[in-house]
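Asker: Taking our numbering, the leading residue of the sequence shown gets 652, the next gets one more, and so forth.
No residue lacks a Cβ here, since even glycine has one placed at the ideal position from N, Cα and C.
Predicted, not measured: the structure shown is a model, and the values here were computed from it.
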Amino acid sequence: EWVSPVYAFFHPTPNIVKIGGRQAHKFKCQTKGCKAKVRHFLDKGDARSTGNMRKHVRGCWGEDVLQAADQAKDANEVCTKLVGSFLRNGSITALFEHKGKGKVTYSHR
């Protein structure tokens with residue numbers, strides 16, 4: 652079951668891939684412009700671990716968003732209340748600030 656709040660930051664249906672003869676789920680980040688994909692190998696003891704997903708969310712969405720997600724009861728709540736509102740209301744300045752690029756500057760070229 653994928654009930655951990657961190658799953659809400661990724662597309663709900665992962666790709667099933669075979670890498671080196673091993674099956675894995677490949678989850679794609681929902682952030683616009685992010686091309687990151689996080690894999691879970693299914694033949695490992697930690698196949699349900701979300702550590703690599705949390706690491707990506709921390710870097711892509713920010714520590715504060717991840718902490719807010721941790722307060723939710725499940726992935727559905729995070730998806731409807733947090734992720735959906737961010738994806739709808741995110742501005743370009745918020746995106747740059749979120750990515751940690753430093754001070755936002757503009758160019759007319």
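(1) Whose C-beta lies closer than 8 Å to the C-beta of Gln761 among residues of the same chain, with five residues either side of it excluded?
(2) Closer than 7 Å by C-beta to Trp653: which residues in its own chain qualify, once you throw out the five before and the five after it? Chain order, please.
(3) Whole angstroms are fine: how far does the CA of Gly672 sit from the CA of Gly684?
(4) What does DSSP give as the partner residues of Val689 in its beta bridges?
(5) DSSP has Asn666 in a bridge; who is on the other side?
(6) State the DSSP-derived secondary structure class of Arg739, mapped to helix, strand or coil.
(7) So the alpha helix (DSSP H) Lys706 belongs to, where does it begin and stop?
(8) By DSSP's criteria, Phe661 is part of a beta bridge. Which residues make up the other side?
(9) Using only CA atoms, which one of Thr701, Tyr658, Ile670 lies nearest to Gln681?
Answerer: The structure says:
(1) It is not possible to answer for residue 761, since the shown part of the chain is limited to 652 through 760.
(2) Here residue 653 is taken as the residue at index 2 of the sequence shown, counted from 1. Excluding sequence neighbours, Trp653 sits near Ala726.
(3) Numbered from 1 along the sequence shown, position 33 holds the residue referred to as residue 684. Numbered from 1 along the sequence shown, position 21 holds the residue referred to as residue 672. Cα-Cα distance, rounded: 30 Å.
(4) Residue mapping note: residue 689 aligns to position 38 of the sequence shown, counting from 1. Bridge partners of Val689: Phe678.
(5) For the purposes of this step, residue 666 is taken as the residue at position 15 of the sequence shown. Its beta-bridge partners are Lys677.
(6) Position 88 of the sequence shown, counted from the start, is the residue given in the question as residue 739. Any answer about Arg739 is weak, because its pLDDT of 46 lies below 50 and its placement is not dependable; what the coordinates show is given next. The answer is helix: DSSP assigns Arg739 an H, G or I state.
(7) On the sequence shown, residue 706 is found 55 positions in, with the first residue counted as 1. Segment 702-711, the alpha helix (DSSP H) holding Lys706.
(8) In the sequence shown, residue 661 corresponds to position 10, counting from 1. Paired residue(s): Cys680.
(9) Counting from one through the sequence shown, the residue named residue 681 turns up at place 30. For the residues Thr701, Tyr658, Ile670, the minimum Cα distance to Gln681 belongs to Tyr658.
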